[in-house]
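Please read the structure below before turning to the comments.
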Amino acid sequence: MERTMEDDRRSKDEKLKQMEEKMKEEMKQQDRDFHRALECKMQEQKDLLEKGHKEKVDLMRQEIEEFKKSNKPEKEGEEQEKRALAEQAVKMEAEKQHQLEKLIQERSHQEGIRQLEGKMVQEAKEKQQELERALDSKLHEQEKLMAKGFTEKEAAMKEEIQSLREKEEAKREEKEEQCRNFRAIAQGVIESVSNGLGHYFNYRKACEERKAIVFKERVRSTSKLKSGVVGNIPDLEHRTLKQDKTTTPKLKTGAVSNSKDN
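Here the working numbering = 1-based position in the sequence shown + 119.
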C-alpha cells in the first residue's frame, strides 16, 4: 500500500509539472500572438493612410479641372482669383476628410487593443480556474490522508499546496505586469501616431493658407498694374516667405520633440 501511494504521488507530481510547462508555453504563444496582431494593425493603418491620401489628391485634381472647364470669366484677374479660391476650398475639404479618417482609424485601433486585452483577461481567468481546481483536489486529498492518520503524507501535501499557492500568486502578478506593459505600449503607439499626424497637417495647412494669400495679392496687383496703379506686392511676398521660414522650423522642432517624449 505504501508503494501504491508513492506511485500515486509521483504520478500527480508529473501531471503538475506537465501542467506548469503547458501554461508557460501558452503564455509565450500569447505574447507572440499579441506582437503579431499589433504589427498587423500598424501596417493596416499605414496602408489606409497612403491609399486615402492618393485618392484625395486625384479627386482634388479632377475637381480643379472641372472647375476650369465650367468657369470662363472675361477678365484674367477674376479667373485667377476664383481658381485660387476654389483650390483653397478643395484643399480645406480634403484636410477635414483627413482629420476624420485619422479619428476613425484611431478608434478602430483602440477597439482592436480592447479586444486583445479582453482575450488576455479571459485566458488568465481560465488559467486561474485551473489552478484553483488543482488546489481543491490537493486539499481534498489532504483531508483524506489526515483522516487515515498519515502524518508524513500530510506534511508532503502541505508543502505541495503551499507551492501551488506560490505559483498561483506568481502567475497572477506576472499577468498583471503584462497587462500594465501592454496598456503602456498601446498608449504610446496611439499618442505617437496622433501627434505626428497632427503636426504634419497643421504645417501643411499653414503653408497652403500663406500661399493662397500671396497668390491672391499677386492677382490684385496684376489688375492694378493694368489700370496704371503700382502695388507693393514684393514686400508682402517677402514678409510672407519670411514668416514661412520662421514658422516651419518651429513646427518641425515641435514634431521631433513630441516624438522623443513619446
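Cβ coordinates follow ideal geometry from the N, Cα and C atoms, glycine included.
* Where residue 141 falls, given that 16 or more other Cβ within 10 Å makes a residue buried -> In the sequence shown, the residue the question calls residue 141 occupies position 22. By the neighbour-count rule (16 or more Cβ atoms within 10 Å), residue 141 is not buried but exposed.
* When the Cα of residue 132 is compared with those of 302, 289, 257, which residue comes out closest? -> Working through the sequence shown from its first residue, we reach residue 132 at position 13. When only C-alpha atoms are compared, the closest one is 257.
* Mark residue 224 as exposed unless 16 or more other C-beta atoms lie within 10 angstroms of its C-beta, in which case mark it buried. => In the sequence shown, the residue the question calls residue 224 occupies position 105. By the 10 Å Cβ count, residue 224 comes out buried.
* Under the rule that 16 or more other beta-carbon atoms within 10 Å means buried, what is residue 243, buried or exposed? -> For this step, residue 243 is matched to residue 124 along the sequence shown. When all chains shown are included, residue 243 counts as buried.
* Asked: What distance in whole Å lies between the Cβ atoms of residue 213 and residue 335, which are believed to be in contact at a cut-off of 8 Å?
  -> Position 216 of the sequence shown, counting from 1, holds the residue named residue 335. Position 94 of the sequence shown, counting from 1, holds the residue named residue 213. Wrong, their Cβ atoms sit about 20 Å apart, outside the cutoff.
* Inter-stretch contact at 8 Å, needing at least 3 Cβ pairs: the stretch 312-331 / the stretch 285-298 -> no
* To do: Assess, as a yes-or-no matter, whether the stretch 304-312 is touched by the stretch 271-278 under the definition of 3 or more beta carbon pairs within less than 8 Å.
  => no
* Counted within 10 angstroms of its Cβ, other Cβ atoms place residue 340 as buried (16 or more) or exposed -> In the sequence shown, the residue the question calls residue 340 occupies position 221. Buried is the call here.
* Check whether the Cβ atoms of residue 207 and residue 331 sit closer than 7 Å, and answer yes or no. => Locating residue 207 in the sequence shown gives position 88, where the first residue counts as 1. Locating residue 331 in the sequence shown gives position 212, where the first residue counts as 1. For residue 207 and residue 331, yes; Cβs fall inside 7 Å.
* To do: Please report how far the alpha carbon of residue 290 lies from the alpha carbon of residue 139, in whole angstroms.
  => Locating residue 290 in the sequence shown gives position 171, where the first residue counts as 1. Locating residue 139 in the sequence shown gives position 20, where the first residue counts as 1. Those two C-alpha atoms are separated by around 10 Å.
* So, is residue 354 buried or exposed, given that buried needs 16 or more other C-beta atoms within 10 angstroms? -> To locate residue 354, count along the sequence shown from 1; it is residue 235. Residue placement at residue 354 is flagged as unreliable, the pLDDT there being 49, under the threshold of 50; the coordinate-derived value follows with that caveat. With fewer than 16 Cβ atoms within 10 Å of its Cβ, residue 354 is classed as exposed.
* Asked: Of the residues 333, 337, 328, which one's Cα is nearest the Cα of residue 209?
  -> As a first step, residue 209 is located in the sequence shown; it is residue number 90 there, counting from the start. For the residues 333, 337, 328, the minimum Cα distance to residue 209 belongs to 328.
* **Contact check, residue 200 vs residue 333, beta carbons under 7 Å** => For this step, residue 200 is matched to residue 81 along the sequence shown. For this step, residue 333 is matched to residue 214 along the sequence shown. No, the pair does not count as a contact, with Cβ atoms beyond the cut-off.
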